[in-house]
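Residue numbering for the sequence shown follows my numbering, beginning at 18 and increasing consecutively.
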Amino acid sequence: MKFYIATDHAGYALKSYVIELLQTKGHEVVDLGPSNDNRVDYPDFANKCSHAVLGDKGSFGILICGTGIGISVAANKNRGIRAALCHDAYTASMSRAHNDANILCFGERVVGKGVIESMIEAFCNTSFEGGRHSDRVNKIDGCQIGKID
Numbered sequence: 018m019k020f021y022i023a024t025d026h027a028g029y030a031l032k033s034y035v036i037e038l039l040q041t042k043g044h045e046v047v048d049l050g051p052s053n054d055n056r057v058d059y060p061d062f063a064n065k066c067s068h069a070v071l072g073d074k075g076s077f078g079i080l081i082c083g084t085g086i087g088i089s090v091a092a093n094k095n096r097g098i099r100a101a102l103c104h105d106a107y108t109a110s111m112s113r114a115h116n117d118a119n120i121l122c123f124g125e126r127v128v129g130k131g132v133i134e135s136m137i138e139a140f141c142n143t144s145f146e147g148g149r150h151s152d153r154v155n156k157i158d159g160c161q162i163g164k165i166d
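Encoded structure:
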């Protein structure tokens, strides 16, 4: 699998660990920054990762900030992105199985390395189930701001 990874300053310390973990498992990883832990704005890096994933069919992303909340909200503003804020292996697995998530998000201040390893394993080893979930994912992808059916 190919992963694009980006963080803000609050998620920077875990980035090298996640990159090494993914590479050890045979995945290709593209680091989209930042290059240090100086203050940056998470929407900029969420958008950078989202655009990379959207432009590279079949790829995935990983986004990390302090809690994972802000960076996942920002990523989900991009049509076609389904960024899932996960806290454990179960939520990571379900994000793939039921929501066809293409970006895994988590918070450096929320989860530890062991949990991160299990989330990445679950995310990578779970396929989208399709079926009844396909209609729901299609609705998500077709959402328009201000439109209520």
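Backbone N, C-alpha and C fix where the C-beta goes; we use that ideal spot for every residue, glycine too.
Which same chain residues end up closer than 7 angstroms to residue i when comparing Cβ atoms and leaving out the 5 residues on each side of it in sequence?
i	result
M18	H44, F77, C141
Is it buried or exposed, residue i, if we count other Cβ atoms within 10 angstroms and call 16 or more buried?
i	result
T41	exposed
K130	exposed
K32	buried
S144	exposed
N119	buried
R113	buried
M117	For the sequence presented, residue 117 should be read as Asp rather than Met. Buried, by the Cβ-count rule.
For residue i, which option in the options has the closest C-alpha, if you only look at C-alpha atoms?
i	options	result
L102	R149, S52, H150, L121	L121
A27	Y107, V57, V154, D158	V57
E37	K156, E146, I133	I133
H115	A30, I98, E146, A109	E146
S67	T108, D152, R96	R96
Cβ of residue i within 7 angstroms of any heavy atom in the ligand SAH?
i	result
L39	Inclusion of the ligand SAH in the displayed structure is not the case, the ligand content being empty and no account of it being possible.
Short of 6 angstroms in beta carbon distance, which residues of its chain neighbour residue i, apart from the five on each side in sequence? Order them along the chain.
i	result
L39	F20, V46
V154	D117
For residue i, I'd like the list of residues in its chain whose CB is within less than 8 angstroms of its CB, leaving aside the five on either flank, ordered along the chain.
i	result
F62	A23, T24, D25, L49, G50, P51, L80, I88
D54	H26, Y29, A30
For residue i versus residue j, is the C-beta distance shorter than 8 angstroms?
i	j	result
V183	T84	This structure does not reach residue 183, given that the chain is present from 18 up to 166, and the question cannot be answered.
A91	Y59	yes
M111	F123	no
Can you list, in chain order, the stretches of the beta strand (DSSP E) that have 3 or more residues and sit fully within the stretch 54-135? 77-82, 100-102, 120-124
Taking only runs of the alpha helix (DSSP H) that begin and end inside the stretch 26-57, which ones reach a length of at least 4 residues, in chain order? If you keep only unbroken alpha helix (DSSP H) runs of at least 4 residues inside the stretch 26-57, you get 29-41.
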